[in-house]
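Those protein sequences? They're chains W and C, same order as listed.
Residue 710 is where the first sequence starts when you use the numbering used here, and the numbers rise one by one after that.
Residue 352 is where the second sequence starts when you use the numbering used here, and the numbers rise one by one after that.
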Amino acid sequence: MKIFDLLKISLKALKKSKLRTFLTMLGVIIGVAAVITMMAIGEGSKESIHTSLSGMGSNMINIMPVMNEPGSVRLQGSSMQTLKQEDADAIVNLNSPNIKGVSPIVSTSGQAINASNNWPTSLIGVSTDYLDIRQFKLKDGIVFSKEDVKSFTKVCLLGTTVVKNLFPDGQSPIGKIIRFNKIPFQVIGVLASKGQSNFGQDQDDVILAPYTTVQKRITATHYLQSIYVSAASEAQSDAATAEVKQVIRENHHLKASEDNDFDVRTQAELLSAIGSTTSMMTILLTAIAGISLFIGGIGIMNIMYTSVTERTREIGLRMSLGAKEKDILMQFLIEAVIISITGGVIGVVLGIASSKVVSIILHWPILISEMSILISFLVCGITGIFFGYYPAQKASRLDPIDALKYE
Amino acid sequence: MSEKILEVKNLKREFVMGEETVKALKGLSFTIHSGEFVTIMGHSGSGKTTLLNILGCLDRPTDGNYYLDGVNVEELDKNSLAELRNEKIGFVFQSYNLLPRTTALENVEMPMIYNKHIPSSERRDRALEALKTVNLLNRAHHMPNQLSGGQQQRVAIARALVSEPVIILADEATGNLDTRTSYEIISLMQDLNEKGKTIVFVTHEPDIAAFSQRTILLRDGLTQKDVINTEKRSAKKAIVSLPDPEKM
Chain W
710 MKIFDLLKIS LKALKKSKLR TFLTMLGVII GVAAVITMMA IGEGSKESIH
760 TSLSGMGSNM INIMPVMNEP GSVRLQGSSM QTLKQEDADA IVNLNSPNIK
810 GVSPIVSTSG QAINASNNWP TSLIGVSTDY LDIRQFKLKD GIVFSKEDVK
860 SFTKVCLLGT TVVKNLFPDG QSPIGKIIRF NKIPFQVIGV LASKGQSNFG
910 QDQDDVILAP YTTVQKRITA THYLQSIYVS AASEAQSDAA TAEVKQVIRE
960 NHHLKASEDN DFDVRTQAEL LSAIGSTTSM MTILLTAIAG ISLFIGGIGI
1010 MNIMYTSVTE RTREIGLRMS LGAKEKDILM QFLIEAVIIS ITGGVIGVVL
1060 GIASSKVVSI ILHWPILISE MSILISFLVC GITGIFFGYY PAQKASRLDP
1110 IDALKYE
Chain C
352 MSEKILEVKN LKREFVMGEE TVKALKGLSF TIHSGEFVTI MGHSGSGKTT
402 LLNILGCLDR PTDGNYYLDG VNVEELDKNS LAELRNEKIG FVFQSYNLLP
452 RTTALENVEM PMIYNKHIPS SERRDRALEA LKTVNLLNRA HHMPNQLSGG
502 QQQRVAIARA LVSEPVIILA DEATGNLDTR TSYEIISLMQ DLNEKGKTIV
552 FVTHEPDIAA FSQRTILLRD GLTQKDVINT EKRSAKKAIV SLPDPEKM
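Below is the structure:
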């Protein structure tokens, strides 16, 4: 008995009851399509969150001051003065292969003015590494140099929202002088638009200037609000964090028993936190879809039992003419597997199609992974074998004498 | 004498029904040789069906021996029994038992699917040859529901012949047919017998027995008579003697 003969017999039997075969298959089709679509939506949103977080600088490490001995009054981090220029310098001087860029941050908010136009915005004092750390790109002009930072030059880069409000007539702001809290700054560059951040913040409503300039001319302070560091890669993020902590602790002369007087947060932490939430969602969606696949499997089992009962005489005949238990078992098992695999193929196609529809109509991000398709196929095959086995076994254990007499 | 095809010795078969034990066969012994045309007769309850199931290797005796073509059936497991049925026995049933919505040709090909000695490339030719033997070559691609009862039974006979079994076991093979068609089937059996086929025909119609060489009469699970029929009738002549259906 060759597999080809079995296939032929099974296909023929399925063709004899096309509608029934199709309806049984429909359970599997819907199940698989649901699994594929749900996984595509889940994976898609995970991927999209990841991309937009990486857009903020996925390798970014943010060092902020915290009160070491708060007593009973807890002050806002930015009003504390523990983070100094020396800390930033110390990180730079590490020359660590894990660290790519370091930028002190001094920010303040105020009113920007150009002739008769004014706009409330924030001015962030940064170093030249900042653009790379935050993954800002320049649309026009140039970035201020290290020399500018050293000599607190009054130059600035504008975000597109600021440009729109200060230069509404569309003229190029490059070379123009704007005022921020009455201090004049020459515009030397315009940042490419980054749009909203994940938290709904307009990332283009910003003016960047050398942090030294901001410290000297605007805030008149010597401490830093925070320090941004970028790790060389996402994988090196943890190593870079450890190094940063170590060097700042040394700089602050903290004893081993003392807590950090600063806080280090990485984008990677945020990423993994959000990642685990979306993974949970994907698992939940897939589980619900999986239930429908399971029900599809029960459908197969049901119809196979009916089919075995209906064809008792045929089974008896085949056995009396020489079919072995194994031959009958395989015949019905193959029937079940054909239903589930064919249903699986159609389901995958339908699932991909409906994922595309979701992305086109609802504009949801989707991601169809080869893994989800592979898993669906595997589950289908297993479903067919699992739910087809018992009916097939029932068929193969019939007694040919009784089966032949069955009416 | 020619070789022994089938030999039963002191065959017994008991069924346990609750607390009662029904003795269907109480010790049968007979031998059938190659080329014989034997009818096994008996009223219902005589053990006919039980004997047939055992001869057909579908059931096993409680006691006694059964040798088919030199094989001791008792020693075989389920799978070997299936092989034995496939290779050595050709079944012809009362209700034809053709697969519905399957052509005559495919029905005849069916037992060969389970025969590992027949290559798949030979199946079609052998099936066509068998259909030719039963004179149904022109109906090879008809479905069973497009065939008359007699034609369906001939397809079933072709199916029984196709694996070249050592014996053809017919179970009331004419039971569902009218007299004329019955005689046609018997005539076909006689032709096959003349070509050397061993045929065992189980029936309760004394009429049919007259066409065979030998009759074994069962009664209450025992052999009542085992007689050689010296005046074997020819089915072909019997058909001629029937009233012409055109004139009825």
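Ideal Cβ positions, reconstructed from N, Cα and C, are used throughout, including at glycine.
Computed from a prediction, not measured in an experiment: that's the story for all the values here.
Bridge partners - residue i, DSSP secondary structure assignment
i       : result
W/I833  : W/S816, W/L917
W/S935  : W/I814
W/N827  : W/I822
C/M463  : Per DSSP, none; premise fails for C/M463.
C/I579  : C/R565
W/M773  : W/D972
W/V1088 : W/V1088 is not bridged to any residue.
C/T574  : C/L569
C/F442  : C/L520
W/A940  : W/I808
W/K793  : W/Y932
C/K355  : C/H384
W/D714  : Paired residue(s): none; W/D714 is not in a bridge.
W/D1111 : Paired residue(s): none; W/D1111 is not in a bridge.
W/D682  : Summary: the structure shown does not reach residue 682 of chain W, with chain W confined to residues 710 through 1116, and so no result is reported for it.
Test item: CB-CB of residue i and residue j under 8 Å
i      : j       : result
W/V899 : W/L867  : yes
W/V938 : W/I772  : yes
C/T581 : C/M392  : no
C/A507 : C/N448  : yes
W/T791 : W/H961  : yes
W/T986 : W/G751  : no
W/V858 : W/P919  : yes
W/V744 : W/T995  : yes
C/V459 : C/A509  : yes
C/K374 : C/G547  : no
W/A742 : W/G1060 : yes
C/L362 : C/P412  : yes
W/N823 : W/I770  : no
W/M747 : W/G1052 : no
C/I440 : C/L539  : no
W/N874 : W/I927  : no
C/V551 : C/I383  : yes
C/L528 : C/I536  : yes
W/I916 : W/T830  : yes
is_contact[residue i, chain W] using C-beta, thresh 8 Å
i      : result
C/N430 : yes
C/P629 : Past the edges of chain C, shown from 352 to 599, lies residue 629 of chain C, and the structure says nothing about it.
C/A589 : no
C/A433 : yes
C/R505 : no
C/R565 : no
C/R584 : no
C/R452 : yes
8 Å Cβ cutoff, residue i in contact with chain C
i       : result
W/E1023 : yes
W/K711  : yes
Residue i CB to nearest heavy atom of the ligand GTP below 7 Å
i      : result
C/N423 : Although the ligand GTP was asked about, the structure shown includes no ligands whatsoever.
(request) Report the residues of the region 1025 to 1040 of chain W with a CB closer than 9 Å to any CB of chain C, ordered along the chain. (result) G1025, L1026, R1027, M1028, S1029, L1030, G1031, A1032, K1033, E1034, K1035, D1036
(message) Quick check on the DSSP output: what are the complete beta strand (DSSP E) runs of length 3 or more inside the region 357 to 439 of chain C, in order along the chain?
(response) 371 to 384, 388 to 392, 414 to 419
(request) Give, in chain order, every residue of the region 1092 to 1116 of chain W whose Cβ lies closer than 9 Å to some Cβ of chain C. (result) D1108, P1109, I1110, L1113
(request) Using a Cβ-Cβ cut-off of less than 8 Å, list which residues of the region 398 to 415 of chain C approach chain W; keep chain order. (result) N404, G407, L409, D410
(message) Counting only Cβ-Cβ distances shorter than 7 Å, please list the residues of the region 713 to 727 of chain W near chain C, keeping chain order.
(response) D714, K725
(message) For the region 466 to 495 of chain C, list every residue whose C-beta sits within 9 Å of some C-beta in chain W, in sequence order.
(response) N466, K467, S471
(message) Could you tell me which whole beta strand (DSSP E) segments of length 3 or greater appear in the region 965 to 1008 of chain W?
(response) 971 to 975
(request) Output, in sequence order along the chain, the residues in the region 437 to 450 of chain C whose CB is closer than 8 Å to any CB in chain W. (result) N437, E438, F442, F444, N448, L450
(message) Give me the subset of the region 359 to 374 of chain C whose CB atoms are less than 8 Å from a CB atom of chain W, sorted by chain position.
(response) none
(request) Give, in chain order, every unbroken run of the beta strand (DSSP E) that is at least 3 residues long and sits entirely within the region 481 to 567 of chain C. (result) 518 to 522, 550 to 554
(message) List, from N- to C-terminal side, the alpha helix (DSSP H) runs of 4 residues or more that fit wholly inside the region 834 to 906 of chain W.
(response) 839 to 843, 855 to 859, 869 to 875
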